[in-house]
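Chains as they are written, first to last, in this note's numbering: chain A, 2 to 115; chain B, 1195 to 1308.
Note sheet for the following structure.
As structure tokens, this is what we get:
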């Protein structure tokens, strides 16, 4: 068990470019969550998957954002036409039964849009 | 709507001194409560959680928290702080629904004086 892995750790991109982040959850975890954390704030929920099904999306997830979890394993989060306001830490977490054990978070991807 | 308030943005304590970080929540039903710690540039590590039962919960690294329903509080305590405890601490509340998304407070940054 190597924990939740996120790649890349850091990404600098120019405004208007597309970026994609990857999250590899703990292998036996069927739930996967994406959160966004801006400077000085706590993480904010974006979306979650149970297996390959995306079951909920926050209103923070504009139409420029899309997330997938093909085959119920790793997940990707894509941001199209990035804006400076997208600069944040993007955190992935996974769980089995969150009401019992809570989540395991990855180390995050720090996005800087210049 | 559910919310979490951490009244203290930044706290400084001396090494060896006791610590209490405050957390107040707003939630209609019995809450699921969590404390996470985040070191700079890292993801979040679960310190402890409360779901039901004994209102005093023990966590990792010598931390404990007490759930007080009458005060809507879930304060984090440690009897003797170590320099390695310097980090940011987040309180979170989870809904009892199936989604499992957490609502985080804005965090309290802990500095430790030698």
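No residue lacks a Cβ here, since even glycine has one placed at the ideal position from N, Cα and C.
The beta-carbon of residue 69 of chain A is placed no less than 8 angstroms from the nearest beta-carbon of chain B.
Within chain A, the residues placing a beta-carbon under 8 angstroms from that of residue 1284 of chain B are 43, 44, ordered along the chain. Residue 1254 of chain B: not part of any beta strand (DSSP E); DSSP gives it neither H nor E. A direct Cα-Cα distance of roughly 12 angstroms separates residue 1246 of chain B from residue 1260 of chain B. At a cut-off of 8 angstroms between beta carbons, residue 1252 of chain B makes no contact with chain A. For residue 1297 of chain B, the uninterrupted beta strand (DSSP E) segment begins and ends at 1296 to 1298. At a cut-off of 8 angstroms between beta-carbon atoms, residue 32 of chain A makes contact with chain B. Within the same chain, and ignoring the five residues on either side of residue 1199 of chain B in sequence, the residues whose Cβ sits closer than 7 angstroms to its Cβ are 1218, 1299. Residue state for residue 1288 of chain B is assigned as strand, using DSSP reduced to three classes. At a C-beta separation below 8 angstroms, residue 1300 of chain B has these neighbours in chain A: 41, 42, 43. Within chain A, not a single residue places a beta-carbon under 9 angstroms from that of residue 1247 of chain B; the smallest gap is close to 13 angstroms.
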